[in-house]
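When we follow this note's numbering, the leftmost residue of the sequence shown carries the number 13, and every step to the right adds one. What follows is a set of notes on a single structure, which appears directly below.
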Amino acid sequence: MEKNFYITRTDDAKDLPLPQYMSEGAAGMDLYANIHEDILVRRGEIKLIPTGIKIALPEGYEAQIRPRSGLALKNGITLVNTPGTVDSDYRGEIGVILINHGVTGFLIKRGDRIAQMVINKYEKIEWTECENLDETKRADGGFGHSGI
13 MEKNFYITRT DDAKDLPLPQ YMSEGAAGMD LYANIHEDIL VRRGEIKLIP
63 TGIKIALPEG YEAQIRPRSG LALKNGITLV NTPGTVDSDY RGEIGVILIN
113 HGVTGFLIKR GDRIAQMVIN KYEKIEWTEC ENLDETKRAD GGFGHSGI
């Protein structure tokens, strides 16, 4: 079954690369900063960074926006809402909400790779309400119940 995945760039992002896989085994495509002036993200600060792209996904698919591990490890730069979800019916420009957990400011320049996008298929469900759930060995143990 073939699916069509469509993408367009905003007028001010025609010079930036489309999202792309950076290795043969990569699950995520890198997203680029569509900014016209450098942005300094100070320690503890949150910034919305535009990507210059809009996408149309087939129904039953979503795009997840995730942090880049190198930015997180080396600079403390990650996403506030990770993963961010782009629904199949959203047609606006994709923005990336970055936060600086690092110890110094982080400078973002036009075209910097700021996040990655992973496309996933998902299933919709319907709930069946019941009085009790079936028993499991774990029961209601959560948040560290199995140890460190």
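C-beta atoms are modelled at their ideal positions from N, C-alpha and C, and glycine is treated no differently.
Segment limits, beta strand (DSSP E) that includes residue i
i	result
N132	R125 to K133
K15	That residue, K15, is in no beta strand (DSSP E); it is neither H nor E in DSSP.
N93	No beta strand (DSSP E) holds N93; DSSP gives it neither H nor E.
H62	Reading off the sequence, residue 62 comes out as Pro, not His. P62 -> beta strand (DSSP E) spans I58 to P62.
I111	G107 to N112
I51	I51 to V53
F118	F118 to I120
For residue i, three-class secondary structure by DSSP
i	result
G72	coil
N144	coil
D42	strand
CB contact flag (residue i, residue j, <8 Å)
i	j	result
D50	K121	yes
I106	V98	yes
I19	I65	yes
I77	I61	no
F155	V53	no
A39	V130	yes
S100	E74	yes
Counted within 10 angstroms of its Cβ, other Cβ atoms place residue i as buried (16 or more) or exposed
i	result
N93	exposed
Q128	buried
Y33	exposed
R80	buried
I126	buried
L83	buried
L145	exposed
Extent of the continuous alpha helix (DSSP H) run through residue i
i	result
N87	S81 to N87
Whole-number beta carbon distance between residue j and residue i, since they are thought to touch under 8 Å
i	j	result
A109	I67	The sequence as given places Ile at residue 109; Ala does not occur at that position. Wrong, their Cβ atoms sit about 17 Å apart, outside the cutoff.
G114	R21	Incorrect: roughly 30 Å between the Cβ atoms, too far for contact.
L69	Y44	Contact flag wrong, Cβ pair sits at about 19 Å.
D42	P31	6 Å
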